[in-house]
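Everything on this sheet refers to the single structure shown next.
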Amino acid sequence: MDKSIRICLQIVKEDLDIINKIDKKKINDLNKDKAVDPFPPNNSSFIRNMIEACPTINALGHIFDRKKVYYKENDRHRWTNAGTGDPEKRSQWIQVFRRNRGFNALIQFMNLRAGSVIDGDGDNLLDDIFPNIKLCRDLLGAIVETLPKSNTNSNDPGESDMQSAKAQCIISEVRALSKVIMEHVLNMDERVLKKLDQTIVAGVRGQLHYMYKKLNKLESSATPQNPTSETPLNDFFTFWRALALKLITSQSLPLKLFGWNEIDALIKEAKSLAPPPRAYRVSGAGTAFVNGIYECDKKMIGSDGYVKDTELQYHHKVPDNNSSSASTNGGVVPADAAGQQQPAVVPPDNVPDDGAGKTITLFRCTMRSQHKWWFLSEADPDQPGTDKDIDYYQLKTTSTTCALPSPTGWLTCKAGSDPPPTLEAIGKVVPKGMERQTVEDKLARWAIENGVIELVLGDGIHREVVSRSGRLITFLAKMSDQPIVVDESDAMSDGDDDRYCLQASHLLLAWKTCINKSDAAVSAQIYKLLVSVLPELPSSLAIPLIEAIRSSLDQGGGEKQSDHFYEVSEFCCAIAKKLLADNNKSGSKQEATSVDEAILTLQWSILTHKDALALKSYDSIKDYVFSQISKQDKTTSKLREAFINQTREVIIKYGRKRKDTDPPVSVIKCGIMQ
Amino acid sequence: MWHYAIRNVCTLKSHIFLFLFFFQQVDEAHSLQIVQLAKLLLEGCSGKEMESILEYDGRYPEMHFPTLFFDDLVSYLERRNKAVVSSATPPVRKQSSAIVTPEFNHPRALTARLQILRFVFGLGFGPVNGNPSMPQMEMSKDQINDIWDECLQPADQSAYMVFLATASKGDDCKCT
Chain A
1 MDKSIRICLQ
11 IVKEDLDIIN
21 KIDKKKINDL
31 NKDKAVDPFP
41 PNNSSFIRNM
51 IEACPTINAL
61 GHIFDRKKVY
71 YKENDRHRWT
81 NAGTGDPEKR
91 SQWIQVFRRN
101 RGFNALIQFM
111 NLRAGSVIDG
121 DGDNLLDDIF
131 PNIKLCRDLL
141 GAIVETLPKS
151 NTNSNDPGES
161 DMQSAKAQCI
171 ISEVRALSKV
181 IMEHVLNMDE
191 RVLKKLDQTI
201 VAGVRGQLHY
211 MYKKLNKLES
221 SATPQNPTSE
231 TPLNDFFTFW
241 RALALKLITS
251 QSLPLKLFGW
261 NEIDALIKEA
271 KSLAPPPRAY
281 RVSGAGTAFV
291 NGIYECDKKM
301 IGSDGYVKDT
311 ELQYHHKVPD
321 NNSSSASTNG
331 GVVPADAAGQ
341 QQPAVVPPDN
351 VPDDGAGKTI
361 TLFRCTMRSQ
371 HKWWFLSEAD
381 PDQPGTDKDI
391 DYYQLKTTST
401 TCALPSPTGW
411 LTCKAGSDPP
421 PTLEAIGKVV
431 PKGMERQTVE
441 DKLARWAIEN
451 GVIELVLGDG
461 IHREVVSRSG
471 RLITFLAKMS
481 DQPIVVDESD
491 AMSDGDDDRY
501 CLQASHLLLA
511 WKTCINKSDA
521 AVSAQIYKLL
531 VSVLPELPSS
541 LAIPLIEAIR
551 SSLDQGGGEK
561 QSDHFYEVSE
571 FCCAIAKKLL
581 ADNNKSGSKQ
591 EATSVDEAIL
601 TLQWSILTHK
611 DALALKSYDS
621 IKDYVFSQIS
631 KQDKTTSKLR
641 EAFINQTREV
651 IIKYGRKRKD
661 TDPPVSVIKC
671 GIMQ
Chain B
675 MWHYAIRNVC
685 TLKSHIFLFL
695 FFFQQVDEAH
705 SLQIVQLAKL
715 LLEGCSGKEM
725 ESILEYDGRY
735 PEMHFPTLFF
745 DDLVSYLERR
755 NKAVVSSATP
765 PVRKQSSAIV
775 TPEFNHPRAL
785 TARLQILRFV
795 FGLGFGPVNG
805 NPSMPQMEMS
815 KDQINDIWDE
825 CLQPADQSAY
835 MVFLATASKG
845 DDCKCT
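Residue numbers (the numbering used here), protein chains in the order written: chain A, 1 to 674; chain B, 675 to 850.
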């Protein structure tokens with residue numbers, strides 16, 4: 001068996017070599033012809049005659065497909081002995097093919113055949129010439145196994161050079177194969193792409209992703225957060241975005257939906273690669289000296305300026321002459337400035353309880369339950385992360401993958417005092433000038449530059465597409481609310497790229513589409529989308545949207561715009577239901593924000609509309625408004641007063657004209673209830 | 675014969691005119707809706723806010739909320755007695771399953787208004803939300819008579835009697 005496979009691999013390699021030689025000769029001939037005739041025939045028969053298929057190439061698919069029964073390992077836990085194969089053999093044969101320079105020949109063969117050529121009947125002429133998509137997946141799965149495990153250097157310099165050269169050779173082969181496959185996929189005609197099995201295309205993309213992650217680790221000392229323009233991972237993300245764009249701009253709905261699924265995966269990956277905040281501002285803690293700026297531990301930052309693949313820690317050094325008032329607000333007194341202040345008068349025998357000189361650490365600790373909790377503690381110098389630490393506050397999470405602390409939800413520990421603090425992220429751990437070069441930023445830039453939102457809400461709008469675009473719109477909305485910057489250099493770089501996030505114009509387009517679309521299903525999907533995005537929107541986006549919606553409502557009772565009452569009421573109903581459900585869950589009693597104010601005003605406009613009683617959703621809207629309007633904060637009181645004045649005006653308008661202006665005469669007390 | 679026919683046509687015309695006049699003047703459903711919303715808003719007010727709202731200002735008597743509710747009730751009854759009251763449903767442009775067309779229910783409208791009146795005068799009856807300085811508000815005999823005079827239908831009179839029976843203070847009542 002082993003021998004036959006080795007011979008088979010040899011045959012394939014030799015076939016590829018022969019074809020490559022023929023190709024080379026044909027290209028030389030063509031170049032000679034070109035010298036005579038600068039416009040050679042460029043039709044399908046010419047291309048067919050030019051290049052040939054490799055008759056034995058599909059054998060590689062059979063040998064490299066890891067799912068073949070022959071490679072299945074014995075599973076001791078299973079009662080059957082179905083798997084009797086040897087997975088090691090596959091790896092050996094892959095190595096044999098590589099050593100025979102098979103991959104090299106394959107890459108040369110594929111380079112000339114990448115893309116697709118469609119004839120008049122819509123058939124792809126290169127369909128049987130370029131390896132099919134399933135074979136591409138198997139080839140990628142095979143070549144990735146040839147990659148060295150790490151870039152470890154041997155003690156012997158000669159041997160080290162040889163190993164390094166071999167590794168570089170393999171890496172360049174891997175990159176060349178993946179490049180030609182990416183090129184082929186991106187050049188595929190839509191008709192060809194439509195015929196392909198989407199799970200296999202997604203599989204090819206998955207293999208490429210896995211491969212580039214490995215390459216990124218090998219080729220550079222880059223950390224995962226560092227897919228800069230030079231790193232291999234950047235090439236992959238460029239391909240991934242181009243593939244997604246190709247799919248979502250196609251005419252076929254299944255391809256579009258596939259493209260949107262790819263965008264979802266892209267967003268997920270971009271988020272996982274987002275660099276952590278450079279610092280946290282802790283504020284509002286009862287133990288005043290815990291408040292302040294916590295800077296990322298410099299030991300955690302690599303030479304490339306990105307965070308190493310380790311547990312994050314942030315430190316806050318309480319000034320030696322700490323005054324509680326300085327740190328209560330979460331501010332930081334610069335060391336030199338603090339030095340000029342009058343030293344705090346502390347009796348020499350007393351231990352100061354203002355935390356002066358202490359270093360408070362924000363770090364994550366793995367508990368016995370394997371849950372990862374965050375702590376604000378005075379870490380023990382010898383055994384940090386143990387019971388010897390003095391814990392002030394903690395954040396319990398049930399997730400084992402919670403990489404960053406959440407701003408709220410902190411609890412007070414024994415050493416701390418209520419209330420627990422809130423956290424605010426500051427900046428990103430990236431080298432200077434790279435603040436807007438993260439995968440997230442590039443994705444946002446891609447989406448805006450290619451008008452992806454306009455594609456969703458444009459002429460070819462489809463409810464399935466709208467429903468899938470929610471994640472991207474939420475992502476873009478969050479990009480407009482990036483972590484705050486503290487120093488001037490960051491602030492300068494910020495301003496330039498503000499346009500690569502969700503804009504008010506996008507939301508207004510969504511609303512415009514909503515009111516102009518006769519298809520109720522599409523409109524309902526847009527309401528759902530807008531309502532789901534609304535809590536994530538900064539006030540600079542949410543308020544213009546709500547104002548635009550309100551202006552489309554017929555406020556004055558005129559005929560011109562009254563058509564949109566139904567649409568606005570549907571939107572209001574969707575918001576009311578969502579916010580009521582959210583409030584029930586969280587029991588939020590926070591002060592009303594400007595966005596809450598705008599939402600309440602919009603809802604009130606619906607409630608007081610002359611057609612409102614005809615709405616089925618009237619009660620939902622009323623329930624929401626009156627659950628909010630009874631809050632006793634400043635903003636709500638102001639709104640309540642405005643609403644009461646409005647109702648007073650309408651009652652006066654409908655009521656009789658009074659002649660007697662005297663106050664009521666006391667005769668009968670009829671007020672009993674309260 | 676002709677004279678009789680012309681007179682009939684004229685009567686019909688005057689009815690149509692009255693109907694149209696009142697239809698354009700007051701949307702009864704909307705009027706009631708606003709009064710009910712005002713009540714809900716008042717329910718959400720704090721004691722201090724309530725005090726300022728219910729305070730009688732001689733300069734702006736028309737803005738006094740309890741008086742407003744009273745006037746609203748009387749004018750509603752007047753409208754109802756004078757002409758065929760508009761019970762037309764609000765015009766809705768886009769009919770869909772999300773929209774229902776409610777029928778205007780007059781007995782319910784009267785009861786709802788009486789309840790609102792009771793609520794708003796009830797607010798001034800004693801300390802509101804522990805606020806002893808809340809002004810006392812009482813309905814005058816004239817006001818009670820005004821409403822009674824407009825309750826021409828037995829059902830309205832019955833509803834009003836129920837209101838008086840439950841809202842008046844019994845032994846404390848002073849009729850002058």
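Glycine included, C-beta positions come from ideal geometry on N, C-alpha and C. Note that the coordinates shown come from a computational prediction; the quantities given were computed from them, not determined experimentally.
Do you know whose CA, among the options, lies nearest residue i's CA?
i: Asp-619(A); options: Gln-710(B), Thr-785(B), Glu-702(B) and Ser-705(B); result: Gln-710(B)
i: Lys-622(A); options: Leu-715(B), Glu-702(B), Asp-701(B) and Ser-705(B); result: Leu-715(B)
i: Thr-146(A); options: Tyr-654(A), Phe-109(A) and Lys-214(A); result: Lys-214(A)
i: Phe-795(B); options: Glu-725(B), Val-700(B) and Pro-740(B); result: Pro-740(B)
i: Ser-540(A); options: Phe-571(A), Leu-507(A), Phe-565(A) and Glu-570(A); result: Leu-507(A)
i: Lys-763(A); options: Pro-381(A), Glu-378(A), Asp-380(A) and Gly-385(A); result: Since the first residue shown for chain A is 1 and the last is 674, residue 763(A) is missing from the structure and cannot be characterised.
i: Arg-241(A); options: Ala-270(A), Arg-463(A) and Gly-655(A); result: Ala-270(A)
i: Thr-601(A); options: Asp-297(A), Ala-548(A), Ile-263(A) and Leu-30(A); result: Ala-548(A)
i: Leu-106(A); options: Pro-87(A), Lys-89(A), Thr-438(A) and Ile-143(A); result: Ile-143(A)
i: Glu-717(B); options: Val-650(A), Gly-655(A) and Ile-644(A); result: Ile-644(A)
i: His-209(A); options: Lys-358(A), Thr-397(A), Leu-233(A) and Phe-103(A); result: Leu-233(A)
i: Gly-813(B); options: Leu-826(B), Phe-837(B) and Pro-828(B); result: First, the amino acid is wrong: residue 813(B) is Met here, not Gly. It is Phe-837(B) whose Cα lies nearest to the Cα of Met-813(B).
i: Ile-57(A); options: Ile-19(A), Asn-31(A) and Ile-27(A); result: Ile-19(A)
i: Glu-88(A); options: Arg-550(A), Leu-509(A) and Tyr-70(A); result: Tyr-70(A)
i: Thr-747(A); options: Arg-205(A), Thr-438(A) and Gly-115(A); result: The question about residue 747(A) has no answer, for chain A in this structure spans 1 to 674.
Since I believe residue j is in contact with residue i (beta carbons under 8 angstroms), could you give me their beta-carbon distance rounded to a whole number of angstroms?
i: Leu-639(A); j: Ile-629(A); result: 7 angstroms
i: Leu-791(B); j: Leu-747(B); result: 6 angstroms
i: Ser-377(A); j: Asp-391(A); result: 4 angstroms
Is DSSP giving residue i helix, strand or coil here?
i: Asp-746(B); result: helix
i: Gly-671(A); result: The predicted model places Gly-671(A) with a pLDDT of 43, which falls under 50 and marks its position as unreliable; any figure quoted below should be read in that light. Reduced to three states, the DSSP call for Gly-671(A) is coil.
i: Phe-363(A); result: strand
i: Cys-514(A); result: helix
i: Arg-792(B); result: helix
i: Phe-837(B); result: helix
i: Gly-141(A); result: helix
i: Val-332(A); result: Residue placement at Val-332(A) is flagged as unreliable, the pLDDT there being 40, under the threshold of 50; the coordinate-derived value follows with that caveat. Looking at Val-332(A) - three-state DSSP - the assignment turns out to be coil, as it is neither helix nor strand.
i: Ile-644(A); result: helix
i: Pro-352(A); result: Below a pLDDT of 50, predicted positions are generally treated as unreliable, and Pro-352(A), at 48, falls in that range; the measurement from the model is reported next regardless. Pro-352(A) falls in the coil class under three-state DSSP.
i: Arg-175(A); result: helix
i: Tyr-618(A); result: helix
i: Cys-296(A); result: strand
i: Lys-26(A); result: helix
i: Ser-325(A); result: Only weak support is given to the placement of Ser-325(A): the predicted model assigns it a pLDDT of 44, under 50, and the question is left unresolved by the model.
i: Asp-17(A); result: helix
i: Val-307(A); result: strand
i: Ala-415(A); result: coil
For chain B, check one thing: does any of its Cβ atoms lie closer than 8 angstroms to the Cβ of residue i?
i: Gln-555(A); result: Note on Gln-555(A): pLDDT 49, under 50, position unreliable in the model; no value is reported.
i: Arg-629(A); result: Before going further, note that residue 629(A) is Ile rather than Arg in the sequence given. Yes, because at least one Cβ of chain B sits closer than 8 angstroms to the Cβ of Ile-629(A).
i: Gln-632(A); result: yes
i: Phe-626(A); result: yes
Answer yes or no: does any C-beta atom of chain A fall closer than 8 angstroms to that of residue i?
i: His-780(B); result: no
i: Glu-723(B); result: yes
i: Thr-763(B); result: Caution is warranted here: a pLDDT of 46 is assigned to Thr-763(B), below 50, making its placement in the model unreliable, and the coordinate value is therefore given only provisionally. Output row for Thr-763(B): interface = yes.
i: Leu-672(B); result: Outside the displayed span of chain B (675 to 850) sits residue 672(B), for which this structure offers no information.
i: Leu-784(B); result: no
i: Ile-727(B); result: yes
i: Leu-742(B); result: yes
>> Beta carbons nearer than 8 angstroms to chain B: which residues of the segment 634 to 658 of chain A have them?
In response: Under the 8 angstroms Cβ criterion, the segment 634 to 658 of chain A contributes Ser-637, Arg-640, Glu-641, Phe-643, Ile-644, Thr-647, Arg-648, Val-650, Ile-651, Ile-652, Tyr-654, Gly-655, Arg-656 and Arg-658.
> Of all the residues that make up the segment 602 to 613 of chain A, which are near chain B by a beta-carbon distance shorter than 9 angstroms?
Replying inline: Per Cβ criterion, the list reads Trp-604, Leu-607, Thr-608, His-609, Lys-610, Asp-611, Ala-612 and Leu-613.
>> If the cut-off is 9 angstroms on Cβ atoms, which residues from the segment 810 to 840 of chain B count as contacting chain A, listed in chain order?
In response: The segment 810 to 840 of chain B vs chain A, Cβ under 9 angstroms: Gln-810, Met-811, Glu-812, Met-813, Ser-814, Lys-815, Asp-816, Gln-817, Ile-818, Phe-837, Leu-838 and Thr-840.
> Between the segment 697 to 712 of chain B and chain A, which residues of the former have CB atoms less than 8 angstroms from a CB of the latter, in chain order?
Replying inline: Those would be Val-700, Asp-701, Ala-703, His-704, Ser-705, Gln-707, Ile-708, Val-709, Leu-711 and Ala-712, in chain order.
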